[in-house]
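Notes for the one structure printed next.
Shown next as structure tokens:
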């Protein structure tokens, strides 16, 4: 009977015996979970999820802005010193003028190859004529839905595949570390 008791004492297992994984085991768990997360995000990217919001131009809707023409009045040059020690940078802008209900307004716009006296298409807010934007309807290019889809597919494919590949590698490496520790 004593021999049986001694044998039982030799095989006592602590409740916390499996928790003592050490740094290798903890690192394996972290790598494995990171790999699973990367695989998840890679699959989401391949299905079309966008991780960054679309960057779009903030152009007011056409509901109440009125079209008109402004006149290029004066070329304005601004010189700024170069911080790298090179030549000064020159920015060219134009002062444009337009009249709404007998009141004259002037604004500064970037140079787009204008000459003095050129008429520039703008749209202004009738409630606040100081608010305006350049009307570039002529330069707009219609993009078909197929082109948009092709562009989105190009954007999401490399990230999705790369995330899945790295996730699989990290998952395998983490699993090997865990198995080796156990």
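Residue numbers (the numbering used here): 14 to 195.
Here a beta-carbon is modelled for each residue, glycine too, at the ideal position from N, C-alpha and C.
Close-in-space but distant-in-sequence residues of the same chain around residue i (CB under 7 Å, 5 per side omitted)
i	result
residue 124	105, 106, 107
residue 152	Caution applies to residue 152, whose pLDDT of 49 falls short of 50 and renders its modelled position unreliable; the model cannot decide the point.
Run of the beta strand (DSSP E) containing residue i, from where it starts to where it stops
i	result
residue 142	141 to 147
residue 138	132 to 138
Assumed close pair residue i, residue j - CB separation to whole angstroms, cut-off 8 Å
i	j	result
residue 41	residue 147	With a Cβ gap of about 59 Å, residue 41 and residue 147 do not count as contacting.
residue 183	residue 47	5 Å
residue 121	residue 83	Rounded, the Cβ-Cβ distance is 11 Å, inconsistent with contact.
CB contact check: residue i to chain D, cutoff 7 Å
i	result
residue 62	The structure shown contains no chain D; it is built from a single protein chain.
Nonlocal neighbours in the same chain, by C-beta distance under 8 Å from residue i, ignoring five residues either side
i	result
residue 187	40, 41, 42, 43, 44, 45, 46, 47, 48
residue 38	190, 191, 194, 195
residue 86	107, 108, 109, 110, 119, 129
residue 135	80, 81, 82, 83, 109, 111, 145, 146, 147, 148
residue 116	142
Taking the runs of the beta strand (DSSP E) that are 3 residues or longer, which of them lie wholly in the region 47 to 122? 79 to 93, 102 to 113
Take every Cβ of the region 168 to 182, pair it with every Cβ of the region 38 to 56, and state whether three or more of those distances are shorter than 8 Å. yes
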